[in-house]
Every structure is written in structure tokens, then in C-alpha cells.
Amino acid sequence: MKKATRIVLSATQLRCQRGAGKDRFELNVPSLDLCAGEVCVILGPNGAGKSTLLRALAGLEKSVARESLRVPDGPVTLVFQRPAALSGSVHFNISAALLGKGIPRDEQRRQISAALARFGIEHLSEQDARTLSGGELRRLALARAFVLEPSVLLLDEPFDDLDAEGQRGLTLDLQKAIAETDVAVAMVTHDLRRALLLADKIAVLTRGDLAQQGPRDEVLMRPASEEIARSVGMTNLATGRVGRREEGVAWIEIEDGFEIPTCADFQPGDSVWVGIRPEHLKLDVGRGEGQPIGKAVVESLISDGLATVASLRIRDRLFTTHLLSGRGLARRLQPGDPVSLAVSPEQVHAQRIEVA
Amino acid sequence: MEGLDLAMISEITLRTLWVCGAALVISSGIGVPIGIALGARRFAGRTLFVSSVNAGMGAPPVVVGLVCVMLFWRSGLLGGFGLAYTQTGMILAQTLIALPLVIGITLAAVGSLDEEWELQVRTLGIGRMWRLWLLIREVRMGILAAVLAALGGILSEVGAVMIVGGNLEGETRVLTTAIMMYTRMGNFEMALGLATVLVGITFLLAGLLTAIQQSGRTR
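Protein sequence lines, in the order shown, are assigned to chains A and B. Just so we're aligned, residue 82 is where the first sequence starts under this note's numbering, counting upward by one. Just so we're aligned, residue 5 is where the second sequence starts under this note's numbering, counting upward by one.
Here it is as C-alpha cells:
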């Protein structure tokens, strides 16, 4: 269990406008709280306003009303997607964050060394910051942010343009730094897998509106709309009508003879949309896992070395599921193979479609 | 009046450096802050201002001289100050020529920073003056280039100083006007001597400018 949460920054009725006419964009956040030591990952498609939200929280958006943002006493800082390096050494870049803050020289030196060590770039201290690689520059930017001892840290795509090894290393360092400093973090990313490693909470933006927020697993398992479902990686979506109910399970008729069971409480005849996370869609290999829902044909298999994403054609829909690469089914399956699909009713998310 | 008069050459050179140096100090003092403000801030009328700076960078010095003379003329707007055919008048004219160069090149240097640069520095939570200091530090090479380019411009310029100063011996005679005069008199020795000094100074400036630009590239 997590320790008691302490709200550090809270936004209420936060609105922010940009552009005019056709390019007009409006951000609308009814409420958002960032808690000490917690990571809130902000997800959403491109152009949903993720970076704008971060800038608004950092106080960089002029159109945000003062009263809609309650900020902590400590610093709120933002690490940009492409961090700027000041001309000069890495050491100078970090010391710039301490300018004019009345910290004695010895203390400054100690803080800078600690920040450099925290992100493993002590050896680069005297190097010209303009010659750093992408990953090193990102570490510099994070070290510079942490030397401020921030209450709130806002991260815009912190893993962008890093290779897998760099991402893994940075994730670990970041996790450690967050735990040690108890900083409240909001992080924007389009990389869902990376986001899930760090996220305590998830907030989803759709076209400028904060559509849903909550604990990580709740948002992942119970997205409030199909659009949100797509943003949080719930790839298997369909709509149908509730047919029969048996033993607490409602069977949703997607098409003639294609039914998906769910534990959600519905009345027969309700129109619903159904979502199944790829990791919950099982290939039935006769072990009796879950309820069979029908036959499909393997359309394609894409492996990144760890996971294999299998695209499955079931009638004229494409569903996806994840397999562990290099083992069992992932090794044996070929495009064109027939498979049986199964789900556990409690892992099927379904929501009534409200008629407008 | 044949022969190389070294005393004369050094006297003219010193006066040239004084006139150009004074104009440079004034135009840099005004132009660098304006260039930084124009580069870093967005305000109504900015585009108009920037385009007039750009136009000013290419303004023919001789026309600037003409405008100055008309202002300094006894019946002109500034006639009461008696600036015609004085060093002060020349310094003012040179300042007007240098100013657009200083503003324009400083502006370009500030503008070459990333759009997000200022926002990023703001997230460091440091005071306004420190942010300004960081900005100046960041574009220091660009500012130096602006000042050197302006100096080169006014050192080698002849039209404005001729019209405004009048090439009076011991008062407003500078390198360029003196070269013109000696050439017309057929005293090529003096003309070449002065030209050597002028070319030497401009080469020195050009070398410095190139060195700065090169260091800027590998930064």
C-alpha cells in the first residue's frame, strides 16, 4: 500500500486558450491534483493538449486564471521534450538553476555534485553541454530540475528519442529520485508501456478536455469512453446489445453468433460498447481459460523481441493480443492459422451507450 | 606636399578611431538592448520596427549623411547646436549608420535561440535579471559580431563623414576622407599610407569576426 497522499498542486476549473479561429484550441481541466511522491501520467492522442496542460501547470500559459491553480511553496519545474543546453559546461548548466538564490558556494557545489550523481553524469561535469548526446542531455535536464529541489516536477516526453537501454536506465534513476525526494510528478508521454512502469495515476486528455483520471489500474481497466479506451491501449473494442443473462454474466451480442460475456450489470436489450485489453484476450488452447467467444484467423505477428503482438481477424474485426516472444504459441503460430479466442467475463469492460 | 607624413597619418588614424569608437559605444549602448528586446519580446508594431531596422542596415551612408546635414544646417531642425562640420556631428551620423547594424545582428542572434528557450529558463525559477544575464551570455558571440560588423561599416564609410564633417584638416579629417583628398591631389604616397592603415584595421576586424563565427559553429 502507498503512504497517505498529500496534495501538492491542485488545479480546479483550469481553462486555457490558444490561437483563434480554426486553430483555436481550448484546454479544459475541471480538476486535477498532484500528490507528493506520486506519478500522474497524462495520456492522449496527438494534439489533445498534453504539453499545453504541462505548461499551464508550470504557470507558463498566460490565459490561465490565477485562482484556478493552487501551487505549493516549493518550485514547480518543467523539463521540456527537447531540453535546452546553455553554452558552457554541464556543471555550469546545473549551477544556472541556483543563480541568485543566496546559496553559499560550498553548499551549491555539494548540491550540484549530488544532482550529477543522481543521474549518473558526474563524469560529464566539465564537458561542453552542447556536445552531449540526446540521452545525456535529458539526464542533464533532469539533474538541473532536481537541483531545484522541486515540489512538483513536470516531464514532457522524458523518454523520447532514447534507445531501449537508455529508457530502462533513466526509468530506474527517475523512479529512485522520485521516491527519495517525494516530489509530485506529472508526465506526458505517448509511450504507453513506458508510462505504465512509472504511473501511479493516469489522466486522459481528449481534444483539450480532461476526460478521465484515476488510479492507474482503474483507468486501464475501466476507461470511461471508447476514445479513452484507445488512448490507454484497450485495443479490442466492439459495440453490441445485451442478450441473455446467466449466472451473473451478461452476454453481449456483437453480431449474429458472436457474443462476449461480461460481469457488468446490464439489462437485456441495453446497447453497450465492449472493451478488452490485449493482455486479457486469450488464445484458447483447450486449458479452459475463460469463456470461449469464437474462432479467429491470425492476420499478422509483430515481435519487438519481448512481446509479440498478434492481430486476429474475427469476422470483419481485427482484435489484438500479446504473447511472450520466443515461447509457446508465439513460436508456433503463423499468419493464416485458425485460433479460438476466450475471455474471462470479469476482465471484459462494458458500458451502456447513452443515447444523446 | 609630397612624401609620407607619418605624424599626419597617425593623427588622422587616432581621430578616426575616436570618432568611430565614440559612435560605436553610443550605437552599441542603444542598439544591443533594443536588439535583445526585439528578439525576445512580441509586441504590436514589432514587425514594422524589424523591417525598418532591416531597411536601415542597407541604407546608403551618403544618404544618412545628407539627412544629417540637412538637420544640422543652420536653418535645420538641430541647427541651433552648430553640429555641421564638427566631430560631434560626425559621431552622430556614424551612430545612425551603425545603429541598424547593431540592432539587426543582435536581433538575429537572439532570434536564433530556440523558441522555447526563454520558457525553459523561466522554469528554473530564477530572477528576471539573472534570466536576462543568461540570455546575454548565451548570445554574447552574436552581440560581439554585431558590434564588430558595425565598426567595420562605419570605419570604411566615406559618404556621410565627408558630407557632415567636410574633411577639415585637424578637425574632421578621417582616414577615408583623407584618402579621397590625397588621391585627388595626386599624392599617392600619402593616400596609400592611409589606405594601408585602414585596410589593416578592417582586416583585423574581419579576422576577429571570422574567429567568432567559427567558434560559434563548433560551440
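Glycine residues also receive a C-beta, built at the ideal position from the N, C-alpha and C atoms.
task = Let me know if Trp-77 (chain B) comes out buried or exposed under the rule of 16 or more other beta-carbons within 10 Å of its beta-carbon.
result = exposed
task = List the DSSP bridge partners of Phe-106 (chain A).
result = A:Arg-99
ask   = Going straight from the alpha carbon of Asp-351 (chain A) to that of Ser-425 (chain A), what length do you get?
value = 21 Å
key: Under 9 Å (Cβ pairs) to chain A, residues found in the region 121-134 of chain B   = Trp-121, Leu-123, Gln-124, Val-125, Arg-126, Thr-127, Leu-128, Gly-129, Ile-130, Gly-131, Met-133 and Trp-134
ask   = So does the region 158-168 of chain A actually touch the region 236-254 of chain A, counting three or more Cβ pairs closer than 8 Å?
value = yes
ask   = Nearest to Val-89 (chain A) by alpha carbon, out of A:Leu-124, A:Lys-131, A:Pro-126 and A:Leu-138?
value = A:Leu-138
Beta-carbon proximity of Gly-181 (chain A) to Ile-130 (chain B), cut-off 8 Å = yes
message = Could you check whether the Cβ of Asp-9 (chain B) sits closer than 8 Å to any Cβ belonging to chain A?
response = no
message = Can you give me the C-alpha to C-alpha distance between Ala-292 (chain A) and Met-61 (chain B), rounded to a whole angstrom?
response = 53 Å
ask   = Unbroken alpha helix (DSSP H) runs of length 4 or more, entirely within the region 191-268 of chain A: which are they?
value = 215-227 and 245-262
inquiry  = With a threshold of 8 Å between beta-carbons, can Ala-178 (chain A) be considered close to chain B, or not?
reply    = yes
ask   = For the ligand FMN, is there a heavy atom less than 7 Å away from the beta-carbon of Asp-254 (chain A)?
value = Annotation note on the ligand FMN: not contained in the displayed structure, which lists no ligands.
ask   = Is Asp-187 (chain A) helix, strand or coil when you go by DSSP?
value = helix
C-alpha distance - Asp-9 (chain B) paired with Met-194 (chain B), whole-angstrom precision = 7 Å
Residues in the region 214-229 of chain A having any Cβ partner in chain B nearer than 9 Å = Ala-222, Arg-225, Ala-226 and Leu-229
ask   = Does Leu-138 (chain B) have its Cβ less than 8 Å from a Cβ in chain A?
value = yes
query = Would you call the region 160-175 of chain B and the region 220-231 of chain A in contact, with 3 or more CB pairs under 8 Å?
reply = no
task = Measure from the alpha carbon of Ala-59 (chain B) to the alpha carbon of each residue in B:Pro-37, B:Thr-206 and B:Leu-100, then state which is nearest.
result = B:Leu-100
message = Considering Cα atoms alone, identify which of A:Ile-383, A:Asn-317, A:Asp-365 and A:Ser-312 is closest to Ile-123 (chain A).
response = A:Ser-312
message = 8 Å is my cut-off, CB to CB: does Glu-173 (chain B) come that close to chain A?
response = no
ask   = Which bits of chain A does Glu-119 (chain B) rub up against, with CB to CB less than 7 Å?
value = The premise fails here: Glu-119 (chain B) is roughly 10 Å from chain A at the closest Cβ pair, so nothing lies under 7 Å.
Whole-number beta carbon distance between Pro-104 (chain B) and Ala-41 (chain B), since they are thought to touch under 8 Å = In fact, because the Cβ distance is near 15 Å, the residues do not count as touching under 8 Å.
Length at least 4, wholly inside the region 147-179 of chain A: the alpha helix (DSSP H) runs in chain order = 171-176
ask   = Beta-carbon of Thr-158 (chain A) versus every beta-carbon of chain B: anything under 8 Å?
value = yes
query = In angstroms, rounded to a whole number, what distance separates the CA positions of Ala-101 (chain A) and Gly-329 (chain A)?
reply = 52 Å
ask   = If you measure from the beta carbon of Glu-15 (chain B) to each beta carbon in chain A, is any gap under 8 Å?
value = no
message = Any beta carbon from chain A within less than 8 Å of Arg-223 (chain B)'s own beta carbon?
response = Its pLDDT being 43, under 50, Arg-223 (chain B) is placed unreliably in this model, and the coordinates cannot settle the point.
query = Skipping 5 residues on each side, what residues in its chain have a beta carbon closer than 7 Å to that of Ile-259 (chain A)?
reply = Gly-118, Val-120 and Val-266
ask   = Given Gly-216 (chain A), which residues of its chain have a CB within under 6 Å of its CB, disregarding the five upstream and five downstream residues?
value = Leu-243 and Gly-247
message = Between the alpha carbons of Ser-123 (chain B) and Gln-218 (chain B), how many angstroms are there, rounded?
response = Before going further, note that residue 123 (chain B) is Leu rather than Ser in the sequence given. Those two C-alpha atoms are separated by around 28 Å.
task = Count the other CB atoms, across all protein chains shown, that sit within 10 Å of the CB of Pro-111 (chain A); report buried if there are 16 or more and exposed otherwise.
result = exposed
query = What residue from A:His-204, A:Arg-358 and A:Leu-410 has the CA that sits closest to Thr-401 (chain A)'s CA?
reply = A:Arg-358
ask   = By DSSP, does Phe-85 (chain B) sit in helix, in strand, or in coil?
value = helix
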